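Visitor: First, the structure itself, so that you have it in front of you.
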Amino acid sequence: MVELRLFRISSLIMLLGCVLVVVITAAAAVPGKNVSTYEGRRGGIGMVPAMFIFGDSLIDNGNNNNLPTFARANYFPYGIDFPQGPTGRFSNGYTIVDEIAELLGLPLIPPSTSPATGAMRGLNYASAASGILDITGRNFIGRIPFNQQIRNFENTLDQITGNLGAAMVAPVVARCIFFVGMGSNDYLNNYLMPNYPTRSQYNSRQFANLLIQQYTQQLTRLYNLGGRKFIIPGIGTMGCIPNILARSSDGRCSEEVNQLSRDFNANVRTMIANLNANLPGSRFTYLDIARMNQDILANPAAYGFRVVDRGCCGIGRNRGQITCLPFQMPCLNREEYVFWDAFHPTQRVNIIMARRAFNGDFSVAYPFNIQQLATLDL
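Just so we're aligned: the sequence shown equals residues -29 to -1, 1 to 349 in mature numbering (1 follows the signal peptide of the UniProt record, and there is no 0).
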């Protein structure tokens, strides 16, 4: 497993400074007044002190850039519509967590391995090809599995607490948002791969149960480290991504693969209900990514999309057999495409889903939408 040195001294100082500013702001509030806003992006108001992000390539923003890995996106045309160009995001522009950060009044959250300059309002630990299981994604060589992402966060927290003290840090961490998006790679780069033994060891329901057992333990670890407000997205309609469509004889979505998504997501919903019931003070909310995917794919014109069955950038059938290569020319009408490459949605889809999750109803975010979660008193 690849172990990462998390921070330079300068980045630790910036993060300590952020926490200290938030603590001082809270302490200076009018007595009896609920402190639910913090200095946010461009000097505005943020709804939470910070956001900590864990996940895979759907939300990785550069943590894989310096790893010995095939799972990397720090080259053109990735980032073609992002202000800073290619950063390691597996998108033409924003990821879903980029938009959520801005909706919360936060700046874009920097990758944990290379923090951006300026005031820190959280860190993104996500790593492309990573999974709930450590073995997931080994075909890409380097990646940071979820267990290691948690250890990296724990190292961050230890350094902050060692400088400021637990009594000062814990109340701030409890008000932060923890976004955890895992599971897709445990299927796409594990269970569905012929060079992995898992499919011969477990049927689909057994594998989903195995994942949820691990996932529950991992989320409980983050709770024990101080997290209280969690956003847990389910996995999308994997059977309809260009990479899976490229293998289809009739060009239709794979019902078998979509059933794997449904089994996992049903377990995640049950897991969230159990965590909310059993972990005092916790607030876990579920984002129904699959439902939002299905709405877009079933009614593309209503959302302004025209192309739903192939990537904007890629090679082969459905532009999904080989994902976007360095300096390959992507489609020009990216706003009309649902998929950016063989596996990932376009910026426009990410923004649509983030906004629905932020202020949508129970059909897409349960038991709270993100705006409600951010303003909840603990």
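Note that the Cβ used here is the ideal one computed from N, Cα and C, for glycine as well.
A quick note: this is a predicted structure, and the numbers were derived from the prediction, not measured.
1) Have a look at Asn229 and Ile121 and give me their C-alpha separation to the nearest angstrom.
2) Please classify Tyr173: does DSSP put it in a helix, a strand, or coil?
3) According to DSSP, is Ala(-1) helix, strand or coil?
4) Please give me, in chain order, every unbroken run of the beta strand (DSSP E) with length at least 3 that falls completely inside the stretch 219 to 269.
5) Hey, out of Ala72, Met91, Leu135, Ile293, whose CA is closest to His315's CA?
6) How is the alpha helix (DSSP H) around Arg146 delimited, first residue to last?
7) Which of the three DSSP states, helix, strand or coil, is assigned to Ala336?
8) Along the chain, where does the beta strand (DSSP E) that runs through Tyr46 open and close?
9) Just confirm the distance between the C-beta atoms of Cys295 and Pro82, as a whole number of angstroms; I'd bet it's less than 8 Å.
10) What three-state label does DSSP hand Gly331 in the structure shown?
11) Determine the burial state of Ala328: buried for a count of at least 16 other Cβ atoms within 10 Å of its Cβ, exposed for fewer.
12) Specify the secondary structure class of Thr317 as computed by DSSP and reduced to three states.
13) So the beta strand (DSSP E) Val19 belongs to, where does it begin and stop?
14) Could you check which residue in Arg43, Tyr96, Ser334, Gln55 has the C-alpha nearest to that of Tyr257?
15) Straight-line CA distance for Ser175 to Gly136?
16) Let me make sure I understand the geometry here. Which of Ile202, Glu307, Arg218 has the alpha-carbon closest to that of Ile67?
Guide: According to the structure data:
1) 29 Å
2) Residue state, collapsed to three classes: coil.
3) For Ala(-1), the pLDDT reaches just 34, beneath the cut-off of 50, and the residue's location in the model is therefore unreliable, although a value from the coordinates is still provided. Residue state, collapsed to three classes: coil.
4) 254 to 258
5) Nearest option by C-alpha distance: Ile293.
6) 137 to 146
7) strand
8) First-last for Tyr46: undefined, no H or E at that position.
9) Incorrect: roughly 20 Å between the Cβ atoms, too far for contact.
10) coil
11) buried
12) Looking at Thr317 - three-state DSSP - the assignment turns out to be coil, as it is neither helix nor strand.
13) No beta strand (DSSP E) contains Val19, which DSSP labels as neither H nor E.
14) Ser334
15) 45 Å
16) Ile202
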